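**Q** Chains A and B, in that order, give the protein sequences. According to my numbering, the stretch in the first sequence is residues 11 to 356, in order. According to my numbering, the stretch in the second sequence is residues 169 to 458, in order. C-beta atoms are modelled at their ideal positions from N, C-alpha and C, and glycine is treated no differently. Since we're looking at a predicted model, the values are computed, not measured.
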Amino acid sequence: MSQVEGRRPVELLLQVNGLTTYFFMKDATVRAVDGVTFNLGTGETYGIVGESGSGKSMTLKSILRLVPPPGKIIGGNIEYGGLDLLALSPAQMRLIRGREIGMIFQEPMTALNPVLSIKQQIMESLDTEGMSYQEKLARAVELLKLVGVPSAERRLEEYPHQFSGGMRQRAMIAITLARQPKILMADEPTTALDVTVQDQILKLIAGLKDSLGMSVILVTHDLGVVAQMCDRVAVMYAGKIVETADTLSLFSSPRHPYTIGLMGSLPHGRERGTKLRPIKGFPPDLTSLPEGCSFAPRCEFATVECREACPSATEVAPGHMASCYHTARLVEFKGIIEHADEEGGS
Amino acid sequence: MGRPESEPQKQTTLTVRSTIPFWKRSLALNIGVIILSLVFLVGFFPGVLARCNPNSHNPDLALQGPSRDHPLGTDNYGRDMLSRIAWGTRVDLQIGIIGMMVPFITGSTIGVLAGYYGGWIDQVLMRVVDVVVAFPFIVLVIAIVAVLGPGIFNLYLAISLVGWVAFARLIRGEVLVVKNLDYINAARALGYSDARIIMRHVLPNVLGSSVVFAATDVVSCMLAGASMSFLGLGVQPPIPEWGALISDGRVFMTSAWWMAALPGVALAITGTGFSLLGDGLADLLRTKGR
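(1) So the beta strand (DSSP E) Tyr32(A) belongs to, where does it begin and stop?
(2) Examine the Cβ distances between the segment 403-420 of chain B and the segment 326-344 of chain B and report whether three or more of them are shorter than 8 Å.
(3) Please report the distance separating the alpha-carbon of Glu15(A) from that of Pro160(A).
(4) What is the DSSP secondary structure of Ser135(A), counted as helix, strand or coil?
(5) Can the beta-carbon of Ala254(B) be found less than 7 Å from the beta-carbon of Ala218(B)?
(6) Which residues bound the beta strand (DSSP E) around Ile84(A)?
(7) Quick check: is the beta carbon of Gly457(B) nearer than 7 Å to any beta carbon in chain A?
(8) From the DSSP secondary-structure annotation, give me the bridge partner or partners of Ile251(A).
(9) Any beta carbon of chain B sitting closer than 7 Å to that of Gly57(A)?
(10) Inspect the CB distances between the segment 231-248 of chain A and the segment 303-312 of chain A and report whether three or more fall short of 8 Å.
(11) At the level of alpha carbons, what is the spacing between Glu318(A) and Met273(A)?
(12) Does the separation of the CB atoms of Ala188(A) and Ser135(A) fall below 7 Å?
(13) Any beta carbon from chain A within less than 7 Å of Arg356(B)'s own beta carbon?
(14) What's the gap between the Cα of Ala230(B) and the Cα of Arg418(B)?
(15) Given a cut-off of 7 Å on the beta-carbon distance, is the pair Ile132(A) and Ile185(A) in contact?
(16) Below 8 Å on the Cβ atoms is my contact criterion, and I expect Thr257(B) with Ala394(B) to pass it. Report the Cβ-Cβ distance as a whole number of Å.
(17) For Ile289(B), which residues in the same chain have their Cβ closer than 8 Å to its Cβ, ignoring the five residues on either side in sequence?
(18) Using 7 Å as the limit for Cβ to Cβ distance, is Leu452(B) near chain A?
(19) Could you tell me which of Leu76(A), Leu29(A), Asn49(A) sits nearest to Arg41(A), measuring between CA atoms?
(20) Distance cutoff 7 Å, beta carbons only. Does Ser62(A) sit that close to anything in chain B?
(21) Should Pro172(B) go down as buried or exposed, given a rule of 16 or more other Cβ atoms within 10 Å for buried?
(22) Counting only runs that start and end within the segment 226-310 of chain B, where is the alpha helix (DSSP H) found for 4 or more residues in a row?
(23) Looking at Pro170(A) and Pro124(A), is the spacing between their C-beta atoms short of 7 Å?
(24) Where DSSP assigns a beta bridge to Arg107(A), which residues make up the other side?
(25) What does DSSP give as the partner residues of Asn221(B) in its beta bridges?
(26) In whole angstroms, what is the alpha-carbon distance linking Val252(A) and Ser64(A)?
(27) Which residues, in order along the segment 103-126 of chain A, keep a beta-carbon less than 9 Å from a beta-carbon of chain B?
(28) Note down, one range per segment and in chain order, each beta strand (DSSP E) of at least 3 residues found wholly within the segment 172-238 of chain A.
(29) Answer with yes or no whether the minimum CB distance from Tyr351(B) to chain A is below 7 Å.
(30) Can you grab the Cα-Cα spacing for the pair His238(B) / Met396(B), in whole Å?
(31) Between Ser377(B) and Leu338(B), is the Cβ-Cβ spacing less than 7 Å?
(32) Output needed for Gln210(A): all residues of its chain with C-beta closer than 8 Å, excluding positions within five of it in sequence on either side, in chain order.
(33) Any idea if Pro118(A) is buried or exposed, counting beta-carbon neighbours within 10 angstroms, 16 or more meaning buried?
(34) Can you tell me the Cβ-Cβ gap for Ala236(A) and Thr254(A), rounded? I've got them flagged as a contact below 8 Å.
(35) Give a yes or no on whether the minimum CB-CB distance between Leu95(A) and chain B is below 7 Å.
(36) Any beta-carbon of chain A closer than 7 Å to the one on Gly359(B)?
Spelled out as structure tokens, the structure:
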């Protein structure tokens, strides 16, 4: 696992500052991404976790400026290689997509064009300058082998419907890699796949990241995937990053009640007999977020303070930020909860 | 989904299914193709049926019923009806196909642009479509030809000016669905240009239904052409065209039924052929949905 290597000094590749994307509907404004700030180092795998509708996918789409209408990026900046992506012209932005920052999608069943063969789709994605057909074909075979599709020469001729889900996701990765991106953004790449295949795809992405020297942004709702893959993690709730830390610290000492809640709702292999602790209430309505902390209505630790003003991110440990007034007391609280669980379970 | 990977056997079953020859998949398509092959054969080589010059008058033989020399009888100038219908095939196919092709191309282009880009382009184009759709097809064609003057070129122009709206609507609807699918998002995320996405990724996935519609649209264009000629606004005499032949024969309906009825039969057969072709193509597209 890469987090074992610890926090190495990294060169920043991508910096997202205060990214804000709202959807302007007829009678309401959905605050899908609300001031998201994070950075990605070279060779790093950065995880973004959160439940459905927390804005994690929209964060990725905003980075590529592919927010569908009526959504609009209304604030922040995205720095990549000395450029502010939000200030680029559409034509310049097109050169960033795919070639610098590639993206793979959640649904491999629909992410491939059904009327084009896998060969056509990979070869289309190759940067074609000065390459003959034979060279391109050889490169396509090479890519398909790289992503672990067996008998690549033959399968290259096939169409997406002849591929299984896992194979399609591999093909999708091959198409994305054909552009040689420096950052690979994966939007729930394994959610639609079987558990056994999930693991293969994750290992594939991790392996490719190392061998090709890419950086990865991995969006998922699965904390297990984060633990397996990521160097650092951001936890998103209601369009905001509520906590960010390196994976080890996040799992060992979560400092935001929502993160604690997420982990409490996760089954642990060893702790047989303990009850899962679901987070009370429902995901918030993004059109009418409460004043103050968005999580306050569901939070067991919420105080008057929380309902009045939104807490800003504070550094609770080096490189560990949490947006909560009660970060200090939480450590104590967490102990109490676990103690209560043990008693209740035995 | 999630099938254990690399299993040769599963692939063979898939391959077998996808190699069912297309002619075994739709009976309607086969019949339609057979009818249309015969019609097109006559259209390209009227000589296979026509033994006389379709325009040579022979007053001695006027208004004769079907006989060995003239299997479909003669008209009021003694012209051989079989020859006139055979030569008319070419004219009618031409009207049907040109009258379909031009709107197909312009309508599809407009529909794709409106659907893909949306926004004010879409609003403007679709309001124009609404206006055109508000008039019955044939009424608008008659009105345009009446303004421009009769003749085959003006007929094409009128059909093209009216016919594109159906294709534009159809394609736009399909584009609205397809443009939000993941593979279009994926294509955008790869940095493909709009032109490339439209031509290579959107169009091939939305053309299916309009190809089916085009097959039946040929029929309505032929009928429109025939109606216009019937009214004297389309093909001008003495060029043999089925609608014009029906119009000529109308006066002699009681004494020489073959003059009006048989060109109508020719029109019906051709129309059936195109309809079956359209149905068959629709069948094929349905079986393609896996």
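**A** For this structure:
(1) Unbroken beta strand (DSSP E) run through Tyr32(A): 22-34.
(2) Touching, no.
(3) Because the pLDDT at Glu15(A) is just 44, under 50, the model does not fix this residue reliably, and the value given afterwards should be weighed accordingly. Distance from the CA atom of Glu15(A) to the CA atom of Pro160(A), rounded to whole angstroms, is 32 Å.
(4) Note: Ser135(A) maps to helix in three-state DSSP.
(5) Yes, the Cβ-Cβ distance between Ala254(B) and Ala218(B) is below 7 Å.
(6) Membership of Ile84(A) in the beta strand (DSSP E) is indicated by the continuous run 81-90.
(7) At Gly457(B) the pLDDT is 48, less than 50, meaning the model places this residue with poor confidence and gives no usable figure here.
(8) In DSSP, Ile251(A) forms a bridge with Met246(A).
(9) At a cut-off of 7 Å, the C-beta of Gly57(A) has no neighbouring C-beta in chain B.
(10) The segment 231-248 of chain A is in contact with the segment 303-312 of chain A.
(11) One C-alpha to the other measures close to 27 Å.
(12) Closer than 7 Å, so yes.
(13) Yes - at least one Cβ of chain A is within 7 Å of the one on Arg356(B).
(14) Approximately 15 Å between the Cα atoms of the pair.
(15) Yes, the Cβ-Cβ distance between Ile132(A) and Ile185(A) is below 7 Å.
(16) 12 Å between Cβ atoms; not a contact.
(17) In its chain, beyond the 5 residues on either side, Leu281, Ala282 have a beta carbon closer than 8 Å to the beta carbon of Ile289(B).
(18) Among the CB atoms of chain A, none fall inside 7 Å of the CB of Leu452(B).
(19) The shortest Cα separation from Arg41(A) among Leu76(A), Leu29(A), Asn49(A) belongs to Leu29(A).
(20) Look at Ser62(A): its C-beta is not under 7 Å from any C-beta on chain B.
(21) Residue placement at Pro172(B) is flagged as unreliable, the pLDDT there being 45, under the threshold of 50; the coordinate-derived value follows with that caveat. Exposed, because fewer than 16 other Cβ atoms sit within 10 Å of the Cβ of Pro172(B).
(22) Qualifying alpha helix (DSSP H) stretches, in chain order: 249-285, 287-302.
(23) It is a contact, given that the beta carbons lie within the stated cut-off.
(24) Its beta-bridge partners are Ile111(A).
(25) Secondary-structure assignment with DSSP links Asn221(B) through no beta bridge to anything.
(26) Approximately 11 Å between the Cα atoms of the pair.
(27) So the close ones are Met103, Arg104, Leu105, Ile106, Arg107, Gly108, Arg109, Glu110, Ile111, Gly112, Met113, Ile114, Phe115, Gln116, Glu117, Pro118, Met119, Thr120, Ala121, Leu122, Asn123, Pro124, Val125, Leu126.
(28) The qualifying runs are 193-197, 225-230.
(29) It does; some Cβ of chain A falls within 7 Å.
(30) For the pair His238(B) and Met396(B), the Cα-to-Cα distance works out to about 28 Å.
(31) Against a cut-off of 7 Å, the Cβ pair of Leu338(B) and Ser377(B) comes out as a contact.
(32) Excluding residues within five positions, the ones whose Cβ falls inside 8 Å are Gly158, Gly176.
(33) Around the beta carbon of Pro118(A), a 10 Å sphere encloses 16 or more other beta carbons of the protein chains shown; the residue is thus reported as buried.
(34) Note that residue 236(A) is Val in the sequence shown, not Ala. The pair is not a contact, with the Cβ atoms about 12 Å apart (cut-off 8 Å).
(35) Leu95(A) does not count as touching chain B.
(36) Taking Cβ atoms only, chain A reaches closer than 7 Å to Gly359(B), which makes this a yes.
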